[in-house]
Structure formats: C-alpha cells, structure tokens
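Take the sequence shown: its letter number 40 is residue 38 in the numbering used here, and every next letter is one higher.
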Amino acid sequence: MSPFTGSAPRTREWEHLRLTLDGAVATVTLARPDKLNALTFGAYADLRDLLAELSRTRSVRALVLAGAGRGFCSGGDVDEIIGATLGMATDALLDFNRMTGQVVRAVRECPFPVIAAVHGVAAGAGAVLALAADFRVADPSARFAFLFTKVGLSGGDMGAAYLLPRVVGLGHATRLLMLGEPVRAPEAERIGLLSQLTEEGQADAEATRLAHRLAAGPALGYAQTKALLTAELDMPLAAAIELDAATQALLMNSADYAEFHAAFTGKRPPAWQGR
C-alpha cells in the first residue's frame, strides 16, 4: 500500500462481496445469490471502495468480476433502492446516482484489466457493470438487459449511453437502451458485446484463465493501454497520437521494455515485472 494514498488498510472481509486472491489475480464475487445478486446501497459502496483499495496496491494485475448462484447480477434491488428513492429529495438522489457512477468509473479507471464472468441474468446495473469491464466472458445462459426505461428512467444510467455505443455501435445501443429488451448470448456475441462465448457453465473458468494470462503479462503496458483506450475515445487524432508518443516515451524507460530486449537477445521468455 502506498504511504501517499491515505487509505485504510485493505481487508478481505466485505459485507456484500466475496474477495479471493490467487497470486496476482483477484476475484470479486457478488454474493447475494438468493436475490440474484441484486445491488443494495451498501453493495454499490462496497464495490466502489474495494476497487479503489485494489487499485492502490501493485500486487493485483487482473480482476475477475463474477456472480454467485444462478446469475451474474439482476441490477438494483427493487425493494431497497426503488422503494427508498421514491422518498428521497433531489440532492440525495443526485448523491446516490453519482455514487453508482463512481462504481463504473472505478472499473474503467483501475490500472488492471477487469474480466466480467457472466452467466444467467445481467440486468440493469448488472448489465452496465459487465459493460464497463475490459472483457466480457459469458456462457450460453447469459442474457443482458438494460432495463432503465422499463422503470421510467433514462436508458443512459451509470454511463451506459457513453459506453454501449462504443462497444456495439449507436444503432444497437439505441435499440438496447430504448427498448430494454433482453439480449441472449448468441446475439450478444454477434453484435460485439461479448469478448468470448464459452461452453455452458464455463464462464468463470475461462474468465479466470484469461485473468491469469493477463496477470503474467506486462502489467504496466496493459495499464497504459487501458488508460489510452478510455482517454482517446473523444480525442482528435492529433491529440491521441501525441498522447501515444508521450506514453511510449515513458514506457521505453521501464524495466519491462528493457526486459523484453534482454529476453529477446537471450532467447528466453520475458519475466515481466510490471514496472
């Protein structure tokens, strides 16, 4: 943990989540299987805070986001969240919606790849969490539904209107966010929403395999690639090329860049250090 972050010591005990660490791979499991992992106020806050804590350590190089039980995540808990928000003042509602957006930002801005392992339902906020991940690995049971208009809200919740067109294109995104209709795994793969479609029941295993592959790679290069993919979405080409040039100049001074050359000349696999 960096002495400059001012954060509390990291813990493995979270009320609404299950955290497991296997070497440089962290697995965060949404753990309300009796409620299809519906998100409560506390679950949103825990996920935001856990991702922030993991981002402050250099020991995690890849993260799998999974759901316990029959599905990935059914979205916000109807009883707790919708019922409670009906009685909230506008300033409190704004605080809540900003907090849910912070979860998505934490997924997008953490310095390691995030792989969503999806089986069963990924609806509402659950669909956006999967969308925010760098990779979406799903089995044939997966179905995605951006349900926000179904409850009378905007389809652009938690950054969905920003992220989804950039993944599947504006046409598909308009249909999915306006109508809120479910998209099953074969169609999700066809329109580019999935990174990998696995055999039945293999999403978690394949996501974990991918996470270990990424964790064994050049972590610093992956972190900067992720940062540039986000930063350059709205940049003019000239600005993007200049940012690429500055990033590469920094990475050319890294230990990993030197390690590649040493490994290449020594005819051996590189031992990536992540720095």
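Every residue gets a Cβ at the ideal spot worked out from N, C-alpha and C, and that includes glycine.
Whole angstroms are fine: how far does the CA of Pro184 sit from the CA of Ser5? Counting from 1 along the sequence shown, the entry for residue 5 is found at position 7. Counting from 1 along the sequence shown, the entry for residue 184 is found at position 186. Legend: pLDDT at Ser5 = 46, less than 50; position of this residue unreliable, no value from coordinates given.
Would you kindly report the start and end of the unbroken alpha helix (DSSP H) that includes Thr223? As a working mapping, residue 223 is identified with position 225 in the sequence shown. Looking at the DSSP string, the run of the alpha helix (DSSP H) that includes Thr223 is 217 to 229.
Please look up how many angstroms separate the CB atoms of Glu78 and Thr38, rounded, as I've assumed it's under 8 angstroms. Your numbering for residue 78 matches position 80 in the sequence shown. Your numbering for residue 38 matches position 40 in the sequence shown. Beta-carbon to beta-carbon, Glu78 and Thr38 are separated by about 5 angstroms, close enough to satisfy the 8 angstroms threshold.
Please classify Met176: is it buried, with 16 or more other beta-carbons within 10 angstroms of its beta-carbon, or exposed? Against the sequence shown, residue 176 aligns to sequence position 178. Label assigned to Met176: exposed.
What residues in its chain sit with their C-beta under 6 angstroms from that of Arg96, if we drop five residues either side in the sequence? Counted from its first residue, the sequence shown places residue 96 at position 98. So no residue of the chain qualifies.
Could you pull out every residue in the same chain whose Cβ sits closer than 7 angstroms to the Cβ of Phe258, ignoring the five residues on either side in sequence? Start at 1 with the first residue of the sequence shown, and residue 258 comes out as number 260. Non-local C-beta neighbours of Phe258 in its own chain, meaning closer than 7 angstroms and more than five positions away in sequence, comprise Pro268, ordered along the chain.
Below 9 angstroms between beta carbons: does that hold for Ser53 and Ala131? Along the sequence shown, one-based indexing puts residue 53 at 55. Along the sequence shown, one-based indexing puts residue 131 at 133. With a cutoff of 9 angstroms on beta-carbon distance, Ser53 and Ala131 are scored as not near each other.
Helix, strand or coil at Val105 [DSSP, three-state]: Your numbering for residue 105 matches position 107 in the sequence shown. Here Val105 sits in helix by DSSP.
DSSP bridge partner residues for Leu15 (one or two, in chain order): The residue given as residue 15 occupies position 17 in the sequence shown. DSSP output for Leu15 lists Leu28 as bridge partner(s).
C-beta contact flag for Ile124 and Gly69 at 9 angstroms: As a working mapping, residue 124 is identified with position 126 in the sequence shown. As a working mapping, residue 69 is identified with position 71 in the sequence shown. Just to set this straight, residue 124 is Gly in the shown sequence, not Ile. Gly69 sits close to Gly124, with the two beta carbons spaced by under 9 angstroms.
Identify whether Arg207 lies in helix, strand or coil by the three-state DSSP scheme. Counting from 1 along the sequence shown, the entry for residue 207 is found at position 209. Note: Arg207 maps to helix in three-state DSSP.
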